[in-house]
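Below is the structure:
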């Protein structure tokens, strides 16, 4: 007799075949799907307001920049152009904003606003027309603003992309959605593994529940106040801190080791990073803003085919609850959906930065992207760099600035910059991994979580 997991998997695969036939017969959904484009777009969509307070110009070379702000296609925007503009434009893609009803554009972070303007670049940033985990909104709103810049200012020679976190997702998909439009991309702490991020969040909670013997999926309303404390006590996670990361209970150690394996494999600082993120990873599973994938992206997650390691002392692969994605169509569609796939076909050079210990958007995102890119013969277009820090998007202006400068030089000269190997487990596990591109002055100053790692 077939197991329940096998039967579910077969139904999932059957749905995928049916979907593929449907897409092939009906054609792909249009890339322009989104808000009603027949309106003038000068007001936000229903349910949203826009906050875009006046941004003071910077003085560059003794002359103030020109700042333009407004609303275009239901999105707030900022445009800033230096007096000595070099003719190139940088589009900034912001990260996840939750379900806040207020839309807000932001300035480039990590000192990049000043750096870009001093180098002669104009920059522009959109609030997107929706919040939530809505990648389609980010992709379309960013492209719309780039087109609007051409009408307001002038057609740029080159248009680049830079951004953080969910903005990295926007960048990777934009390079595939609009081939030839963008000259290069700088995703930092980016969700480059698309749905694999949602699978990772699901993994953590289901594995913890299986190890503790507390079944609580789908997560009930009192998950954080009832089930999670019982799981934490059962696994010996209470009292574990980044500076005292030892876990006595073998089942707690198994959860830690599985989490390390699923987030990028053994690597410097991994045990301390687990202690940083162990509580947060329970909380992220309860996010529920509504019924659409952008409001509740967890409906795309699955662990049907996942094999967990290490599989002892508890046989997790036998005990863990197996979950199929609620929304199979969104999971499999190749078109620009709210939470779309990244195929791994960049059409311009990409330089990415990622913190080794980040478990909100884990380092494994870089590995998934590297494998996808390699499968399509595009590895020559991607350079990836590991930074020795444990928080999400924990970069210094030196690290971000060097990556930006190297990307621009690559685009202009064709000379591919150096990066880190991310898919060789032996390389990633080496004690000095991540030292090459990490800011050593930040370590010396004890900035952020840098001291959770040994000195390089």
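In my numbering, the protein residues as written are 1 to 456. Don't be surprised by glycine CBs; every beta carbon is placed ideally from N, CA and C.
Would you decide whether residue 278 is buried or exposed? Buried here means 16 or more other CB atoms lie within 10 Å of its CB.
-> So residue 278 counts as buried.
Tell me the DSSP bridge mates of residue 69?
-> 78
Please specify which runs of the alpha helix (DSSP H), each continuous and at least 4 residues long, are wholly inside the segment 192 to 269, giving them in chain order.
-> 196 to 212, 228 to 235 and 250 to 262
Sub-9 Å separation of residue 459 and residue 323 beta-carbons | It is not possible to answer for residue 459, since the shown part of the chain is limited to 1 through 456.
Does the Cβ of residue 455 have 16 or more other Cβ atoms within 10 Å, making it buried, or fewer, making it exposed?
-> Around the C-beta of residue 455, fewer than 16 other C-beta atoms lie within 10 Å, and the residue is accordingly described as exposed.
Distance, Cα to Cα, residue 296 vs residue 290?
-> 6 Å
Euclidean distance between Cα positions of residue 81 and residue 411 = 21 Å
At least three beta-carbon pairs within less than 8 Å, the segment 385 to 404 to the segment 204 to 222 | no
C-beta atoms of residue 87 and residue 156 nearer than 9 Å = yes
Proximity of residue 437 and residue 420 at Cβ, strictly below 9 Å = yes
What residues match up with residue 385 in a beta bridge as DSSP calls it?
-> 353
Should the segment 263 to 282 be called in touch with the segment 445 to 452, which here means at least 3 C-beta pairs below 8 Å?
-> By the C-beta criterion, the segment 263 to 282 is judged to be in contact with the segment 445 to 452, since at least 3 inter-stretch pairs fall below 8 Å.
Unbroken alpha helix (DSSP H) run spanning residue 164, endpoints = Where residue 164 is concerned, there is no enclosing alpha helix (DSSP H), although the beta strand (DSSP E) it sits in stretches over 159 to 164.
Excluding five sequence neighbours on each side, which residues of the same chain lie with their C-beta closer than 7 Å to the C-beta of residue 457?
-> The first residue shown for the chain is 1 and the last is 456, placing residue 457 beyond what the model contains.
Collapsed DSSP secondary structure at residue 359 in the structure displayed = coil
Span of the beta strand (DSSP E) around residue 187 | Secondary structure note for residue 187: its beta strand (DSSP E) is the uninterrupted segment 184 to 188.
Touching by the beta-carbon criterion (3+ pairs, under 8 Å), the segment 153 to 172 and the segment 314 to 334 = no
In chain order, what residues of the same chain have a beta carbon less than 7 Å from the beta carbon of residue 85, not counting five sequence neighbours either side?
-> 120 and 122
Neighbour-count burial assignment, residue 215, 16 or more Cβ in a 10 Å radius = exposed
At what residues does the alpha helix (DSSP H) containing residue 427 begin and finish?
-> 425 to 429
Would residue 223 pass as a contact of residue 259 if the rule is Cβ separation under 9 Å?
-> It is not a contact, given that the beta carbons lie outside the stated cut-off.
Proximal residues to residue 440 (C-beta, below 7 Å), its chain only, five neighbours per side dropped = 456
Return the chain-ordered list of same chain residues with a C-beta closer than 6 Å to the C-beta of residue 48, the five sequence neighbours on each side being excluded.
-> Contacts found: 101 and 103.
8 Å contact criterion, which residue 77 and residue 126 should meet: CB distance rounded = 5 Å
Look up residue 126 in the DSSP assignment and say whether it is helix, strand or coil.
-> DSSP places residue 126 in strand when its eight states are reduced to three.
How many whole angstroms separate the CB atoms of residue 175 and residue 417, which I take to be in contact at a CB cut-off of 8 Å?
-> About 17 Å separates the two Cβ atoms, so there is no contact after all.
Could you say if the segment 399 to 414 and the segment 367 to 375 meet the contact criterion of at least three C-beta pairs nearer than 8 Å?
-> no
Less than 8 Å between the CB atoms is what I'm expecting for residue 206 and residue 320, so what's the real figure, rounded?
-> 5 Å
Near residue 250, which residues of its chain fall below 8 Å by C-beta distance, leaving aside the five closest residues on each side in sequence?
-> 313
Three-state secondary structure assigned by DSSP to residue 277 | helix
Cutoff 8 Å; reference residue 99; Cβ partners in own chain excluding five residues on either side = 131, 132, 289, 290 and 295
Would a C-beta distance cut-off of 9 Å place residue 401 and residue 112 closer than the cut-off?
-> yes
Would you list the one or two residues that DSSP bridges to residue 50?
-> 103
Specify the secondary structure class of residue 58 as computed by DSSP and reduced to three states.
-> coil
Would you mind giving the Cβ-Cβ distance between residue 74 and residue 41, rounded to the nearest angstrom? I have them listed as a contact below 8 Å.
-> 5 Å
Where residue 434 and residue 44 are concerned, what is the direct C-alpha to C-alpha distance, given to the nearest angstrom?
-> So the two alpha carbons sit approximately 43 Å from each other.
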